[in-house]
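Have a look at the structure below before the remarks.
Numbering (the working numbering), first residue to last: 34 to 283.
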């Protein structure tokens, strides 16, 4: 954890969706919506492959997990899972949403984004909806370059896996960013990482970028986008407005 939001913006409480949470707990609450992907290999000795981050979102009454195609291109959608119930259960989704390749998007990065829909009633886990970030369209990033940004993800270098024990330990990072500019690619923006910690950006693809803003009632957290690549203390992310268009197609 790189910076405490209550000290950063001086907020004693922050709204996430409709819920007000103490400023000191903001990172903990947001961390629940970022998932480490577990890809099922079918290998009896090495059953999982860990291929970066994923973001759990709830739009209206529909729940989705988003990640990038390049992370899991060698795996069938049903073999891409996320942990729930404190990491004791792995679940996959019901329907995959993606962008079809055509002449209009041949060289575009936004088509790397995909989403898996999860239907909560199909699972025995109580309150499954609670692990999905409440995506409110009024709260999303509108393109303000001066916004304060939060980034979450699971860097590859913080992972420890030992199948003989057995043991799996993954480390999530929370850091801050400042707007660098729009990419030449449609819907893609760049951030400089400004947090004090030092880590390689490999593994952050699929993780969320949030922005911190305020209205007449106080500070709130909204989604800015999904990270698609990074390196050398910067990341690129796909704009939340494209994310919304993908999820609305469900």
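C-beta: ideal position from N, C-alpha, C; glycine also. Model, not experiment: these values are computed from the prediction.
(request) Under the assumption that residue 253 contacts residue 48 (Cβ atoms under 8 Å), give the Cβ distance between them as a whole number of angstroms. (result) 4 Å
(request) Select from 245, 262, 255 the residue whose C-alpha is nearest the C-alpha of residue 92. (result) 255
(request) Alpha carbon to alpha carbon, how far is residue 221 from residue 64? Give it in angstroms, no decimals. (result) 23 Å
(request) Could you tell me which of 121, 139, 186 sits nearest to residue 88, measuring between CA atoms? (result) 186
(request) Measure from the alpha carbon of residue 283 to the alpha carbon of each residue in 68, 132, 58, then state which is nearest. (result) 132
(message) Counting C-beta neighbours from all protein chains within 10 Å, is the total for residue 139 16 or more, i.e. buried, or is it exposed?
(response) exposed
(request) Tell me whether residue 238 is buried or exposed, calling it buried when 16 or more other Cβ atoms sit within 10 Å of its Cβ. (result) buried
(request) Return helix, strand or coil for residue 273, following the three-state DSSP convention. (result) helix
(message) Can you tell me whether residue 249 is buried or exposed? The criterion is at least 16 other CB atoms within 10 Å of its CB, across all chains shown.
(response) exposed
(message) Classify residue 198: buried if its beta carbon has 16 or more other beta carbons within 10 angstroms, exposed otherwise.
(response) The predicted position of residue 198 is uncertain, since its pLDDT is 44 and thus under 50; a value taken from the coordinates is nonetheless stated next. Flag for residue 198 reads exposed.
(request) Have a look at the DSSP bridge pairing and note the partners of residue 222. (result) 215, 270
(request) Return the residue from the list 216, 276, 80, 277 that minimises the CA-CA distance to residue 267. (result) 216
(message) Give me the DSSP bridge partner(s) of residue 263.
(response) 268
(request) Tell me whether residue 83 sits in a helix, a strand or coil according to DSSP, three-state version. (result) coil
(message) Quick check: the Cα distance between residue 177 and residue 68, rounded to an integer number of angstroms?
(response) 27 Å
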